[in-house]
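A quick write-up on the structure given underneath.
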Amino acid sequence: MLSYALRRVAMSVPALLVTALIIFLLLDLAPGDPMAQVPLSVPPEIKERMREALGLGEPTHIRFGKWLWQFFAVEPMVWLDAVLGTDLAQDRQRVISWQTRSPVMDIVVERMPQTLWVVGMAYVLGILVALPIGILAAYRQYSVFDQVGTLLTLVGYSVPPFFSGVLAIVIFSVHLGWLPSIYDTTHRVTDWHSFTIQVRQMILPVMVLAVQTTAQISRFMRAAMLDSLRQDYVRTARAKGLNEWTVVLVHVLRNSMIPVITIIALGLPQVFGGAIITEQIFKVNGLGQLLITSIMAGDLPMVQTVTFMLAVLIVAFNIVADLLYGLLDPRIRHD
Numbered sequence: 341m342l343s344y345a346l347r348r349v350a351m352s353v354p355a356l357l358v359t360a361l362i363i364f365l366l367l368d369l370a371p372g373d374p375m376a377q378v379p380l381s382v383p384p385e386i387k388e389r390m391r392e393a394l395g396l397g398e399p400t401h402i403r404f405g406k407w408l409w410q411f412f413a414v415e416p417m418v419w420l421d422a423v424l425g426t427d428l429a430q431d432r433q434r435v436i437s438w439q440t441r442s443p444v445m446d447i448v449v450e451r452m453p454q455t456l457w458v459v460g461m462a463y464v465l466g467i468l469v470a471l472p473i474g475i476l477a478a479y480r481q482y483s484v485f486d487q488v489g490t491l492l493t494l495v496g497y498s499v500p501p502f503f504s505g506v507l508a509i510v511i512f513s514v515h516l517g518w519l520p521s522i523y524d525t526t527h528r529v530t531d532w533h534s535f536t537i538q539v540r541q542m543i544l545p546v547m548v549l550a551v552q553t554t555a556q557i558s559r560f561m562r563a564a565m566l567d568s569l570r571q572d573y574v575r576t577a578r579a580k581g582l583n584e585w586t587v588v589l590v591h592v593l594r595n596s597m598i599p600v601i602t603i604i605a606l607g608l609p610q611v612f613g614g615a616i617i618t619e620q621i622f623k624v625n626g627l628g629q630l631l632i633t634s635i636m637a638g639d640l641p642m643v644q645t646v647t648f649m650l651a652v653l654i655v656a657f658n659i660v661a662d663l664l665y666g667l668l669d670p671r672i673r674h675d
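Heads up, my numbering is the position in the sequence shown plus 340, with the first residue counted as 1.
So this is what it looks like as structure tokens:
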């Protein structure tokens, strides 16, 4: 398993490099100049110095190398500087945001915890709710629970986040007044009272993101369970006198999880995509809002960085899905 994981990681490196090159070149060739917003009264030599400070006066391959280099951690670079007598850690800080004039990765690291809290909680909650719904809906096919669950999941999957988010604000914040409509990013948890405030402000954005996750995964879980329940090994297990829940939760569920794992692994980047809209609605100061504001401001280094991070997520969770296949199905061997 370890050797297979190392091989998969090694195989993913060229794919990520090609993806990074495509993202960088496509956005780099897009029209736009950060100096266009500079007042006309600024002398040309000052504008040229500003362009050099942003790294725009260097060749494309140099800018691509520095942009790619910024994803490495600062601490290993500092240690490498001490050994080799170089200044690599300072080079990492050379990729500057056109909008804020600050290092791109510093801003990303600052915004990332907010997005991880909201997206992570929404995805975990969506999976924990979706799996039991899909299992019970398949086991009690065509029952009232199955029909109601099918209707609700279809509605949940069809309603986009920009509509469900506004609807949730109107119902729970405006009319009922139960929950805040704006996520306070500056809030810090120091005691029980501040913890309850944090939970209350997370409910609406987490709920909006979890709705589509629950709807999608529960439908795939139901379909996979129905397919497994009709297999011969299920009839054999029942003929041996095994308990019904043992048959369903041990034999059927384990085999049904193989296609569902793919949906779960590949669905996380989609949730990050939904978070882009949700963070705008609830004013969550995370990566999604950062991407939108950077696009509107024409901040290409920031857009390139956040976009490539989403590509890394897709590749990483593909590897996770492949590794989980071997744990769920003993017939799959990676070595």
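Quick reminder that beta carbons are idealized off the backbone N, C-alpha and C, glycines included.
- Find out if the Cβ-Cβ distance for the pair Gln-454, Thr-525 is shorter than 7 Å. For the 7 Å CB-CB criterion, Gln-454 and Thr-525 form a contact.
- Query: Leaving out five residues before and five after Asp-531 in sequence, what residues of the same chain have Cβ atoms less than 6 Å from its Cβ?
  - Reply: Scanning its chain for C-beta atoms nearer than 6 Å, with the 5 sequence neighbours on each side dropped, one finds no residue around Asp-531.
- Could you say if the stretch 459-473 and the stretch 651-666 meet the contact criterion of at least three C-beta pairs nearer than 8 Å? Two segments are said to touch when three or more pairs of C-beta atoms, one from each, lie closer than 8 Å; by this definition the stretch 459-473 does not touch the stretch 651-666.
- Message: Between Ile-362, Val-435, Phe-411, Ile-363, which has its C-alpha nearest Glu-398's C-alpha?
- Response: Checked all of Ile-362, Val-435, Phe-411, Ile-363; the closest Cα to Glu-398 is Val-435.
- Task: Can you grab the Cα-Cα spacing for the pair Met-445 / Gln-487, in whole Å?
- Result: Those two C-alpha atoms are separated by around 48 Å.
- Using the C-alpha atoms, what's the distance from Ala-555 back to Tyr-497? So the two alpha carbons sit approximately 5 Å from each other.
- Item | In chain order, each alpha helix (DSSP H) run of at least 4 residues that lies wholly inside the stretch 574-647 | Entirely contained in the stretch 574-647, the alpha helix (DSSP H) runs reaching 4 residues are, in chain order, 593-622, 627-637.
- Message: Considering only DSSP beta bridges, list what Ile-557 is partnered with.
- Response: The secondary-structure analysis by DSSP pairs Ile-557 with nothing; it has no beta-bridge partner.
- Query: For Arg-562, which residues from the same chain have a beta carbon less than 7 Å from its beta carbon, with the 5 sequence-adjacent residues on both sides left out?
  - Reply: Gly-474, Ala-477, Ala-478, listed in sequence order.
- Task: Using only alpha-carbon positions, find the residue among Ser-513, Pro-609, Leu-566 that is nearest to Ile-543.
- Result: Ranking the options by Cα distance to Ile-543, first place goes to Ser-513.
- With Phe-404 as the anchor, note down where its alpha helix (DSSP H) starts and where it stops. Boundaries of the alpha helix (DSSP H) around Phe-404: 400-409.
- Message: Tell me which residue opens and which closes the alpha helix (DSSP H) that Tyr-523 is part of.
- Response: Unbroken run through Tyr-523: none, as it is neither H nor E.
- Query: Rounded to a whole number of angstroms, what is the C-alpha to C-alpha distance between Val-611 and Leu-549?
  - Reply: Straight-line measurement puts the Cα of Leu-549 at about 7 Å from the Cα of Val-611.
- Item | Assigned exposure category for Ala-422 - 16 Cβ within 10 Å defines buried | Only weak support exists for where Ala-422 lies, its pLDDT of 47 falling under 50; the value from the coordinates is given anyway. Counting of Cβ neighbours within 10 angstroms places Ala-422 among the exposed residues, the total staying below 16.
- Would you kindly check if the distance between the Cβ of Ser-442 and the Cβ of Asp-639 is under 7 Å? Taking 7 Å as the cut-off, the Cβ atoms of Asp-639 and Ser-442 do not count as close.
- Is it a yes or a no for the stretch 642-657 touching the stretch 352-371, going by three-plus beta-carbon pairs under 8 Å? Short answer: they touch.
- Message: Rounding to the nearest angstrom, what Cα-Cα distance links Gln-481 and Ala-615 in this structure?
- Response: In this model, Gln-481 and Ala-615 are separated by some 33 Å (Cα to Cα).
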